[in-house]
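Protein chains in written order, with our numbering: chain A, 344 to 662; chain B, 254 to 585; chain C, 18 to 321.
Positions of the beta carbon are idealized from the N, C-alpha and C atoms, including for glycine.
On a predicted model such as this, the values are computed, not experimentally measured, just so you know.
Working notes, structure below.
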Amino acid sequence: MDGGQELSARRGTGSAPPSLTRVRTRRSVGEQAVKVLLAGAAVLSVLTTIGIVVTLITEASKFFGEIPLGDFFLGTDWAPLAGGESQSFGVVPLIWSTLYLTLIALIVAVPLGLGVGIYLAEYASPRVRRIFKPIVELLAGIPTIVFGYFALTFCTPLLKDVGIDLQVFNGLAGGIILGILVLPTIASVSEDAMSAVPQSLREGAFGLGAAKWQVVVRVVFPAALSGIVAALVLGASRAIGETVVILVASGNNPNLTFDLTVAHQNMAAFIANVARADVSAGSVAYATIFAVGATLFAMTFLLNLVAIRFVRKYRQVYE
Amino acid sequence: MKLHRFSTVAVVCGALACGVTACGNDDEEEGTAGASSGAAVSEDLSGSIRIDGSSTVRPLAEAAVELFAAEAPKVDVSVGGVGTGDGFEKFCRGELQIADASRAIEKDEFDACKKQNITPVEVQVGIDGLSVVAHKDLAIPKDCITTAQLKKLLDPKSKIANYKQLGAGFPDQKVSFFTPGTESGTYDYFTEAVLETDAEQRTQDVQTSADDNQIVTGIEGTEGALGYVGFAFADSQKDKLKILAVDGGEGCVKPEIATIADGSYKPLSRPLFMYPNTETIKKPDVKAFIRYILDNNEKIVTAADYVPLTDELLRQARANLDAATPAEAPAS
Amino acid sequence: MAVAETAITRKVVQRASSGARTKDLLFRAALLLCLFIAVLFLGVLIVDVAIDGVPLITPEFLTNFPSRLFPEQSGIRPALIGTLYLMVLCAAFIVPIGVAAAVYLEEYADPNRWYNRLIEVNIQNLASVPSVVYGILGLAFIVRGPVDILGLGEGSPTLLAGALTLGLLVLPVVIIVSREAIRAVPPSIREGALALGATKWQTIWKMVLPGALAGIATGVILALSRAIGETAPLILVGAIAFRLTSPTLDGQFSALPIAIFEAAGEPRPEFQILAAGAIVVLLAVLLLMNAAAIYLRNRYEQKW
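Structure follows, in structure tokens:
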């Protein structure tokens, strides 16, 4: 009966008296072995994180052994793959392009995503929600390479036809499509957050004579704010780390400019591009993969911590 | 109850896995079907060849693989395009049976191979006319550019921001360049032949790519763009971009099969190589494959949109192959 | 609650006038517009890809090897087989490990212990790490050493390396979904078994897991559909080569996302269009998988 004691201690059902002593049987040893095995599987996830961190840190430190931190983080001349004296490792343009593309993506994704989220949470009838929520999920399930192909072969020509003078590899198409990619994340997390707001708040407001839009904007939205912030942060994190859309549609160079008609490259696309060129394993150029990778990991990790904090907050208030 | 369904699911999954494996397993026997000296291309020939290196040579290798597969379907050949330099690195580590190269092997690469007891054998398989291409609307006078002007544009110290700075007649257009990167033999060749630098090139306003397709797409779609790629990539898109004639000191010459073959397209006519090593060349599959390329040189190379070997070069290549002549150590 | 109440009393006591009603309609229209744009986008994407891609789908397209010389003969066979292989190998990795980890966290782990909380937080964080970082992990650890898990020595990218990298990427998803499925099994089931003398493990194996099976299977299928749609980790691990034979476990491989990626970069339109065909095939595979997940969920879902 050794299982029973553990169970009731955890679930508090009190079906077995707590003073039951454990009997060491042969089965108990097997049980311990199983527990260890299962724990091992769970620990693998920790090992993965350790693996990522160790890889990034050890290889990045090799990089920073040769390139001073200041040159990297403050330099504005980014040419890590150039030959001879032209080679330069100032990462500012790359970080700029990454953040700028993310900004464009959020400009697209935040209004649209929130609009969809609010509509599905507050206005849609159950039937409408049954149809459209899966459609939004469908958008989330489309592989990113499809978005990249679409950006290059449909979006850029379309924008050119409309009259915008774009280069074939440009930041505008990449940024817009990145926004569409991130839209479902913002929509579903904000919809969750707003659905979690208790009906009593809404009813109270209606009872006082408020119009529907006032209830939504002035009552529900602020009440769900922490969840909505989580949605935005998660969306931003997703946009910062996206690789193939930018790789296919936005070119091979970051650019320290506001101009969206030229090429822009983000950190993730840079990493993939260098790996594709298969730079020789020992060189400084190869090590840039890890220096940039470490920077990217740090940025998304921090963003995710912030997002998880906000998610916890809105879940706590109503549970 | 549930277990019954569970085991059904498990059996179905197992069957699916078996099916996929059966589908996927296409002859991987590592074996030598032919006699050691015979390099006959026969249906029984089997083996596994890994080729990597120059992205310029890649279309040629791929065309060869496709046509070769019709005659020797059991030989498994894979072709990559990481770049001549990186290809040699892999080759000298023993990871490849054949290295593709759009330039001759250099001294430090040769030494690295020697350290691993690998002796390359140089076999020329085709000729390329490294092409200077520009956006369709870029109005270069007479569609001809001199090597001096190219040097002015792409020199590492170049500060030219607009084509009109090259002189009268050049358009008022901001510069924008698309070129291969440092892993590329094309880059090495261009920087040496035109820029006369040691593999160094301008970085300002230049987008580099290891993917020749990306270079071509970039130039096609960007006003004011200019760059250089292997002839096959330029020629296949000739209606969408402008292939410039190059004046290497003896007049403007456009890259065409004839001018590349007889060398009048200067200085950018260059040989394309495949490097087996003295060990791999003994394998029947490798030898048969390279021999196939030489025996069907015109068909394969033309299909790949490059220039076939002249009779003299073909004779030399065949000799190298048959005798497994070790490549000469480069001077520098 | 006080904040909300103040908000209501102070700001919101405007009677529903006709002006407010117009605002209501405008607001609703704006939201609807957002939904419309999102759906429109999805529609345009699918239609555009379908117009180009569907005409290409012939039995030859699925069974032919790629061709660099004759676009009309080019097929996606190695890519399709590579993707299927990746799916099977990935599943073989994530199912035992993911379910085992979920079982541990739900059934055995004391949530008050710091190390168990660490594992939980860790899994949540891993779920949002960019896929390219997993690719770096795969490249540095699995393909190139120092650990060189598969002992390949030459540092060659293989199906196993690709499957492992993708498996690590989606493992957090499997764990999270399996935990929810296990959690949904009511305690009474467990208590009943224990009361009859079963050990903890017997209870889990014979009562809890079969009860959670539908949820777990759905989660695994969803995780796999995420895995086979990923491109960045495969690029990092090195999955690009032109090859006229089908992938093997220890050779270079291709996969549908990689085939799409390469075709998308082709300047020659007759070759670029092949990307659309491959996309249609990939979407069809994903659709099948999701349909299977929905079917499983509806058919086998336990109503406790």
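- Taking the C-alpha atoms as reference points, what is the distance between E445/B and D408/B? For the purposes of this step, residue 445/B is taken as the residue at position 192 of the second sequence. For the purposes of this step, residue 408/B is taken as the residue at position 155 of the second sequence. Rounded to whole angstroms, E445/B to D408/B spans 11 angstroms at the Cα level.
- Task: Alpha carbon to alpha carbon, how far is A387/B from E449/B? Give it in angstroms, no decimals.
- Result: The residue you call residue 449/B lines up with position 196 of the second sequence. The residue you call residue 387/B lines up with position 134 of the second sequence. E449/B and A387/B: Cα-Cα distance of roughly 22 angstroms.
- Message: Please classify V377/A as buried or exposed, where buried requires at least 16 neighbouring CB atoms within 10 angstroms.
- Response: One-based indexing of the first sequence puts residue 377/A at position 34. By the 10 Å Cβ count, V377/A comes out buried.
- Message: Taking 8 angstroms as the threshold (beta carbon to beta carbon), is R652/A in contact with chain B?
- Response: Locating residue 652/A in the first sequence gives position 309, where the first residue counts as 1. The beta-carbon of R652/A is placed no less than 8 angstroms from the nearest beta-carbon of chain B.
- Task: Quick one: list the residues of chain B neighbouring E480/A, beta-carbon separation under 8 angstroms, in chain order.
- Result: Position 137 of the first sequence, counted from the first residue, corresponds to residue 480/A. Ordered by position in chain B, no residue passes the 8 angstroms Cβ test against E480/A, which lies about 25 angstroms from the chain.
- Message: Suppose contacts are defined by Cβ-Cβ distances below 8 angstroms. Is L273/C in contact with V254/C by that definition?
- Response: By one-based count along the third sequence, residue 273/C stands at place 256. By one-based count along the third sequence, residue 254/C stands at place 237. Taking 8 angstroms as the Cβ cut-off, L273/C and V254/C do not qualify as a contacting pair.
- Query: Is the beta carbon of I553/B less than 8 angstroms from the beta carbon of A317/B?
  - Reply: Residue numbering aside, residue 553/B sits at position 300 when the second sequence is read from its first letter. Residue numbering aside, residue 317/B sits at position 64 when the second sequence is read from its first letter. Cβ atoms of I553/B and A317/B: closer than 8 angstroms.
- Query: CB A548/A to CB A37/C, shorter than 8 angstroms?
  - Reply: Walking along the first sequence from the start, residue 548/A turns up at place 205. Walking along the third sequence from the start, residue 37/C turns up at place 20. For A548/A and A37/C, no; Cβs fall outside 8 angstroms.
- Task: Over the uninterrupted alpha helix (DSSP H) stretch that includes T100/C, give me the two end residues.
- Result: Working through the third sequence from its first residue, we reach residue 100/C at position 83. Start and end: 94-120.
- Item | Short-range partners of chain A found in the stretch 43-71 of chain C, where Cβ spacing is below 9 angstroms | If you check each beta-carbon in the stretch 43-71 of chain C against every beta-carbon of chain A, the ones closer than 9 angstroms belong to L43, F44, R45, A47, L48, L49, L50, C51, L52, I54, A55, V56, F58, L59, V61, L62, I63, D65, V66, D69.
- Message: Does the CB of E359/B have a neighbour CB from chain A at under 8 angstroms?
- Response: Residue numbering aside, residue 359/B sits at position 106 when the second sequence is read from its first letter. False, the Cβ-Cβ gap to chain A never drops below 8 angstroms.
- Message: Can you pull the chain C neighbours of P520/B, defined as C-beta to C-beta under 8 angstroms?
- Response: In the second sequence, the residue the question calls residue 520/B occupies position 267. None at all; the shortest Cβ gap to chain C is about 26 angstroms.
- Query: Taking Cβ-Cβ distances shorter than 7 angstroms, what residues in chain D pair up with N81/C?
  - Reply: The chain inventory of the structure shown lacks chain D, comprising the protein chains A, B and C.
- Hey, is the stretch 235-250 of chain C in contact with the stretch 124-143 of chain C, meaning 3+ C-beta pairs nearer than 8 angstroms? Segments in contact, no.
- Message: Quick check on the DSSP output: what are the complete alpha helix (DSSP H) runs of length 4 or more inside the stretch 201-241 of chain C, in order along the chain?
- Response: Runs of the alpha helix (DSSP H) inside the stretch 201-241 of chain C: 204-212, 217-220.
- Item | C-beta neighbour in chain A for D451/B, strict 8 angstroms | Sequence index remark: in the second sequence, residue 451/B carries index 198 (1-based). Chain A contact via Cβ: present.
- What number of angstroms, rounded off, separates the C-alpha of K217/C from the C-alpha of L211/C? Walking along the third sequence from the start, residue 217/C turns up at place 200. Walking along the third sequence from the start, residue 211/C turns up at place 194. About 7 angstroms.
- Would you grab the beta carbon distance between G306/B and G340/B for me? Rounded to a whole angstrom, and I think it's under 8 angstroms. Taking the first residue of the second sequence as position 1, residue 306/B is located at position 53. Taking the first residue of the second sequence as position 1, residue 340/B is located at position 87. Indeed they touch by this definition, with Cβ atoms about 2 angstroms apart.
- Item | V560/A Cβ short of 7 angstroms to the ligand SAM heavy atom set | Ligands in the displayed structure: none, and consequently the ligand SAM is not present.
- Under the three-state reduction of DSSP, which class applies to I507/A: helix, strand or coil? To locate residue 507/A, count along the first sequence from 1; it is residue 164. I507/A falls in the coil class under three-state DSSP.
- Message: Distance check for T441/A and S437/B, CA to CA, integer angstroms please.
- Response: One-based indexing of the second sequence puts residue 437/B at position 184. One-based indexing of the first sequence puts residue 441/A at position 98. In this model, S437/B and T441/A are separated by some 27 angstroms (Cα to Cα).
- Identify the residues that DSSP records as bridge partners of G247/B: which are they? With chain B represented from 254 up to 585, any question about residue 247/B goes unanswered, as that position is not in the structure.
- Item | Bridge partner(s) assigned by DSSP for P529/B | Here residue 529/B is taken as the residue at index 276 of the second sequence, counted from 1. Residue pairing for P529/B: DSSP places it in a beta bridge opposite I351/B.
- Would you mind telling me which residues of chain B sit closer than 8 angstroms to Q269/C, beta carbon to beta carbon, in chain order? Residue numbering aside, residue 269/C sits at position 252 when the third sequence is read from its first letter. Per Cβ cutoff of 8 angstroms: R303, S331, G333.
- Task: Flag R470/A as yes if its beta-carbon sits less than 8 angstroms from any beta-carbon of chain B, otherwise no.
- Result: Translated into the one-based positions of the first sequence, residue 470/A becomes position 127. No, no contact with chain B.
- Task: Could you tell me whether the Cβ of G282/C comes closer than 8 angstroms to any Cβ of chain B?
- Result: As a position in the third sequence, residue 282/C is number 265, starting the count at 1. Output row for G282/C: interface = yes.
- Item | Buried/exposed call for N370/B, threshold 16 Cβ in 10 Å | Position 117 of the second sequence, counted from the first residue, corresponds to residue 370/B. Exposed is the call here.
- Message: I want to verify the contact list: residues of chain C whose CB lies under 7 angstroms from the CB of D464/B, in sequence order.
- Response: Position 211 of the second sequence holds residue 464/B. Those within 7 angstroms of D464/B in chain C are G282.
- Item | Where T456/B meets chain A, residues with beta-carbon distance less than 7 angstroms | For this step, residue 456/B is matched to residue 203 along the second sequence. Scanning chain A for C-beta atoms nearer than 7 angstroms to the C-beta of T456/B yields A422, A425, S429, reported in chain order.
- Task: Report yes if the C-beta distance between F564/A and D65/C is below 8 angstroms; otherwise report no.
- Result: Residue mapping note: residue 564/A aligns to position 221 of the first sequence, counting from 1. Residue mapping note: residue 65/C aligns to position 48 of the third sequence, counting from 1. Contact annotation: F564/A and D65/C have beta-carbon atoms that are not nearer than 8 angstroms.
- Item | Ordered list of alpha helix (DSSP H) runs contained in the stretch 450-524 of chain A, each at least 4 residues | Restricting attention to alpha helix (DSSP H) runs no shorter than 4 residues, the stretch 450-524 of chain A encloses them at 469-484, 487-493, 499-505, ordered along the chain.
- Query: Looking only at its own chain, which residues have a Cβ that is under 6 angstroms from the Cβ of K493/B, when we skip the five neighbours before and after it?
  - Reply: Reading the second sequence from its first residue, position 240 is the one you call residue 493/B. For K493/B, where only same-chain residues beyond five positions count, the Cβ hits under 6 angstroms are E473.
- Message: Taking 7 angstroms as the limit between beta carbons, can you name the residues of its chain near Q289/C, skipping five residues before and five after?
- Response: Residue numbering aside, residue 289/C sits at position 272 when the third sequence is read from its first letter. Contacts found: A280, A281, E283.
- Item | the stretch 532-555 of chain B: positions lying closer than 9 angstroms to chain A by Cβ | Those would be none; no residue qualifies.
- Task: In angstroms with no decimal places, state the Cα-to-Cα distance between I398/B and E509/B.
- Result: In the second sequence, counting from the first residue as 1, residue 398/B sits at position 145. In the second sequence, counting from the first residue as 1, residue 509/B sits at position 256. Each residue's alpha carbon lies about 16 angstroms from the other.
- Any beta-carbon of chain B closer than 8 angstroms to the one on F259/C? Taking the first residue of the third sequence as position 1, residue 259/C is located at position 242. It does: the Cβ of F259/C has a partner Cβ on chain B nearer than 8 angstroms.
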